[in-house]
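The structure appears below as structure tokens.
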Amino acid sequence: MSKKVIGQKKPKIDGMALATGKPAYTDDIANPNALVVKLLRSPHAFARIKSIDTSRAEKLDGVEAFFTYKDVPQTRFTLAGQSNPEVSPYDRLILDELVRYVGDEVAIVAATDEKTALKALKLIKVAYEVLDPVLDFEQAADNPTVVHPEDNVHLNFEIGMEKSKNIVATDIQVVGDIDKELSKCDVVTEGVYYPQAQAHAMMETYRAYTYMDPFGQIVVVSSTQVPFHLRRHVARALELPMSKVRVIKPRIGGGFGGKQTVSGDLFAAFVTYKTGKPAKIIYDRQETFTCTTSRHAMRLKVRIGADQEGFIRVIDLDVLSDTGAYGEHASTVLGCVGHYTLPLYSKMRAIRFVGHAVYTNKMPAGAFRGYGATQGTFALESTINKLAHELGMDPTELRLKNIIREGETALHWEDGTRLGSTALDRCIRKGKEMIGWEEKGLRRRVGPHKVRGLGMAVTMQGSGIAYIDTASAEIRLNDMGDYVLMHGATDNGMGADTILAQMAAEVLETEMDHIIVRSLDTDYSPYDPGSYASSGTYVSGSAVVKAAENLKVKILEEAAHYLEVPVGEVELTKEAVHWVPNAGEDRLNGDANPKPKAVSLVELAERSVLGSGKNQLVGQATFGSEISPPPYVAGFAEVEVDQETGKVDLIQFVAVADCGTVINPNLARIQVEGGVAQGIGMALYEDVKYDKQGRMLSDSFMQYKIPTRKDVGTIRVAFEESYEPTGPFGAKSVGEVVANTPAPAITEAVYNAVGVRVTDLPITPEKLFMRMSEQNS
Amino acid sequence: MFTIRELVQPETLEEAYSTLISRNPNTVLGGCAFLKMGSKRIGTAIDLSSPKLGLKGIREEADRFEIGAMTTLREIETYPAFQEFYQGILPQAVRDIIGVQFRNSVTVGASVFSRYGFSDLITALLALNAEVELFHGGRMSLQAFLDKPYEKDILVKVRLQKNERKASYQSLRNSVSDYAILNVAVSELQGQWRIVVGARPQRAKLAERASQKLSELAGENGALRNNDENALKQLEDIAKIAAEELAFGTNMRGSAEYRQAVCPVLVKRALMEVLK
Amino acid sequence: MKIEFTINGKKAAWDVAPDDLLADTLRAHGFLSVKKACNTSCCGLCTVWVDGQPTLSCTMLSARANGKTITTLEGVQMEAEEFAKILTSEGAEQCGFCSPGFVMNVLAMKKELKNPTDEEIIHYLTGNLCRCTGYMGQLRAVKTYLGVNSAQ
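Protein chains in written order, with this note's numbering: chain A, 12 to 788; chain B, 4 to 279; chain C, 877 to 1028.
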């Protein structure tokens, strides 16, 4: 069946408004009279507050409220954007007597304007008992410092926490006999990798605007990826009944997982709760860098065993993950390191995954596009590239020999799940062709001191979280024949609202401008976990398709009833429902050649809301999946290395993606290009750095360099579609998988160029220069 | 958070200067790009952008260029004569500084007067043997200004002799628009060479021994221009001298060790470009 | 202090504090297209035109707008729409938060550069950061807008 809307390059439905600067974001719609909330933050990595003197600050004209740890509820909670009950420790208070990293909140100030609030912060005097911090995550376990000494940390599940050793979570999976299988391998390749912490650096910093509505509800207008989870966390932290909190998500200026962890919302909500007044909190760029979350820095020890023909038989992965001061996504990110790497290869006989996540006195780590897969892919794919050298095999051939194929299962999937769709083999072949793999060769000299290298890597992710992510959608036929689609997929810029409207339009045989998309208000929108885990297209999309199908059936039934024809013989079009009788057959009234008839959608809709019809038509569906179909990417890098300075220039990056059916080629392409650019940043430029006292040095765009448009070379994208039988129109996810290949592909290209394999990111000129010098001496 | 109690837009330099020295917290404003990153408490902020002061823009005289203090880096970048003079090193030196909007804001006066260690412009100007004119301190070489202890004053203009000086600017950056890990400018006029290294990360400095040695060497024979191994070896030796005589430090962008190690590379490349 | 200036073609006289920054002042007066994202003068989101030159409004003291002509995206809606149609047809606005500053700089570039090469376009726009798109779609859109699309 040919598609009318699916597969079309539809512009984003909010695009023109955003690109012409219309007010659409949280701060654009906040009440200008809202109190400005600012936070006093700890200058110490670990300290106990001995006293806080706010008396001078309180005398300041315009200061409306002050709160310290003595003023806040004592129920511990998590800020993780995860389904209830969360796999995250409840290890936070709104304000705590113990501050656990430089930037941890000490006091809340609300004032009538920003300058006054900032002035007030300076007048607060705090005495601290400074404690020894643990800053090196490799020294966190068995450290005399315990980051969370309190005894009321709550866990919903057993996650392998050993709080006295700063271990937040432990994850162990062993399938098969590692030692025995390794002993049978002809080649065993090892490596230790250190993917760094990375900042999300979305352009719109964290912000929220809160007010009390006439019904006594606290309304939180927030730049969030997780409105329903945010609502729950606010209610729990403030000890309010759930029905007293409502979250509205306007347009969002990017998230990348950062806004999957709640940030300043609670402080503004608390001010509104206490004062009854509207309040607004906007994190500045420095707070966004230093007081929110980053990607987890990790140490990954990898051992891969293969036989002489190049079949990968064993993967042994030991992971240590730095979750910083709070454990929001500690356990789940850790698990995903294995979940989204180990099932890439299907010829294995044994796997072992041993993972620990530890607390340190640094900014918390959180969700970040790729969610553990990025770090795991860097380590695993780098080691497989190394294996290819040791085997003397082309790395693409090594992948093609080992990657999982449709219908196969992976050792990691202990429930025996079989893969529904993959085009990774085609992605690899296409990528080779696009980058000129065969013609160029892996290394070639282009100048007296310039060498170019090629490198590649493959990756997978999931599409939603199996058994957990469950989204609902509703579509209503409005009184005049148009539709309103209500969903909770939480578009934060990528175009979820648009592609969901495309799906609804396709099912309802209509055009997109006949569909109003409303999202998101927790009082009106059907439940959705939010925008994370690559769930928008697959999970929310499936819910929308089912809701639209549900509505379509109702429309057809209603129309058939009205037209007095069998429901099986009516067809929905953009304008009407038609009865198209099969000519010659005996029909109603015994007429052998009945005339086609139709009822317009407008008439049908009008009837549905009038006395005569009394049946407004609403389609509804909830979707959850027992599987999380993996999308795939094959990434290829071409770099040029200046051998005299160590500077790496990325010439081009080719990414070929299998996200199943491409719903919107433009938006999917931009997802790939943007994700690749973030991966390039991680490979070459971005680094969250601390000083010896635990103060973050990389706290601005001056000191933390995200790639500019001169730094990304040429990013070229292609799609190799597979058809995912469980996905909406055959689609899988695309949002996260795209960030994973640049780091391993670029490090491999650099290795091929100059013979140095960088295992700790990013590949700075200095690092490469020093290691080339070591190698040459 | 910075604060400004009062802002004035004086119409004469005398007035500006007397306001500046009247109270300690009084400050001359440049392009203000870094103002909000600090927590300066400014009494009277002195804005020198009144057209009556004539500090904005580049003036071309028969023998020199005069760059007004309020001239933006973008004006340097796009000024037609600077594309040709000194082999275009002035536009080259400023073109990678953040972006067009930034360079439309920041001024030559503030860049030079603030003596920022990371400055790309100072490195190039020093290699070109520029002069500065201070309202109170008068005219002096940029070199002398940089060596002089800080004193409140108003930088009025930067002067550059029009001549056949050949020059090259080299910088090493990781991300293209980042501050340089190291920058180098080299120039040659009538056999006299100047090798300047900046972003060490301390401010730009003339490598005196290397410059002198090279000037001597170049005077002795023209063989340096031969594109042969012997010439290259001599240039490399000069570049090494520069790296040895200068001090290097460590900051987030690079260690002293690395800076010292790549300094000869940039110097050599600059020398080769000038000799080309 | 009072400043008198032209904003989007209209004369205005506003009261500002000596340490107010133009981006904040503009937002406070309802010019909400102006976005702020860095505080260190290096992201380009707050780009407005000062006497026709693209300038960082978060870096400029409001007092210095005195006597100047300021243009925000609200003041060039027709041109903005023409480019935005192309930008959105590439999907390259994405979250849209950097779009106003980006669009202001693209429109300024169009006035300043004739038939620019890819390198010249990229150079002119380097001061506009974007974290969503990877910049390729923006380049495609700009080239279409400038009618210099033959190269790719």
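A virtual CB, placed ideally from N, CA and C, is assigned to each residue, including glycine.
This structure is a prediction, so every number in the text was calculated from the model and none was measured.
Shown in chain order are the members of the stretch 260–279 of chain A whose Cβ falls below 9 Å from a Cβ of chain C: Arg262, Ile263, Gly264, Gly265, Gly266, Phe267. The residue among Ala756(A), Glu651(A), Tyr36(A), Lys136(A) with its C-alpha nearest the C-alpha of Arg52(A) is Lys136(A). In the three-state reduction of the DSSP assignment, Phe740(A) falls in the helix class, which pools H, G and I. Short of 6 Å from the beta carbon of Arg487(A), and not among the five residues preceding or following it, lie these beta carbons of its own chain, in chain order: Val495, Val629. Boundaries of the alpha helix (DSSP H) harbouring His400(A): 384–402, taken from the DSSP string. Interface residue (Cβ-Cβ distance to chain B less than 8 Å): Lys716(A) is classified as such. A Cβ-Cβ contact shorter than 8 Å links Gln236(A) with Gln271(A). Residue contact with chain A for Gly41(B): absent (no Cβ-Cβ distance below 8 Å to any residue of chain A). Residue contact with chain C for Gln207(A): absent (no Cβ-Cβ distance below 8 Å to any residue of chain C). Counting other Cβ atoms within 10 Å of its Cβ, Ser784(A) stays below 16 and is therefore classed as exposed.
Sixteen is the threshold: when 16 or more other Cβ atoms of the shown chains lie within 10 Å of the Cβ of Thr947(C), as they do, the residue is buried. Going by beta carbons, Ala632(A) and Ser744(A) fall outside the 8 Å limit. By the beta-carbon neighbour count (other beta carbons within 10 angstroms, threshold 16), Asn230(B) is exposed.
Taking C-beta atoms as the reference points, Ala742(A) and Gly671(A) count as a pair closer than 8 Å. In this structure, the beta-carbon distance from Gly338(A) to Pro100(A) falls below 8 Å. Counting other Cβ atoms within 10 Å of its Cβ, Asp927(C) stays below 16 and is therefore classed as exposed.
At a cut-off of 8 Å between C-beta atoms, Pro976(C) does not count as an interface residue with respect to chain B. Residue contact with chain A for Gly257(B): present (Cβ-Cβ distance below 8 Å to some residue of chain A). A contact is defined here as three or more CB-CB pairs under 8 Å, and the stretch 327–344 of chain A meets this definition with respect to the stretch 359–370 of chain A. Judged by DSSP secondary structure, Asn233(B) falls within the alpha helix (DSSP H) whose first and last residues are 232–248. Contacts between Glu9(B) and chain C, judged by CB atoms closer than 7 Å, involve Pro894 in chain order.
Membership of Leu142(A) in any beta strand (DSSP E) is not indicated, and neither H nor E is assigned to it by DSSP.
Runs of the beta strand (DSSP E) lying entirely within the stretch 118–170 of chain B, each at least 3 residues long, are 134–137, 141–144, 158–164 in chain order.
The Cβ atoms of Ile92(B) and Ala127(B) sit closer than 8 Å to each other. Residue environment for Pro540(A): buried (at least 16 other C-beta atoms within 10 angstroms of its C-beta). Just measuring C-alpha positions, the residue of Gly447(A), Ala76(A), Glu250(A), Lys260(A) sitting nearest Val232(A) is Lys260(A). One thing to note: Lys59(B) has its Cβ within 8 Å of the Cβ of Gly71(B). Residue pairing from DSSP places Glu69(B) in a beta bridge opposite Arg62(B), Arg162(B). Per the C-alpha coordinates, the member of Gln90(B), Glu154(B), Ala96(B) positioned closest to Lys165(B) is Gln90(B). The DSSP-derived three-state label of Asn107(B) is helix. Closer than 8 Å to the CB of Thr127(A) there is not a single CB belonging to chain B. Counting only unbroken stretches of 3 or more residues, the beta strand (DSSP E) elements lying wholly within the stretch 548–633 of chain A are 581–583, 587–590, 608–611, in sequence order. Within the model, the alpha-carbon separation for Ala913(C) versus His400(A) is close to 45 Å. Within the stretch 897–908 of chain C, contact with chain A at the beta-carbon level (separation under 7 Å) is assigned to Leu908.
Think of a sphere of 8 Å around the beta carbon of Gln929(C): the chain B residues whose beta carbon falls inside it are Arg77, Asn107, in chain order. By the beta-carbon neighbour count (other beta carbons within 10 angstroms, threshold 16), Pro577(A) is exposed.
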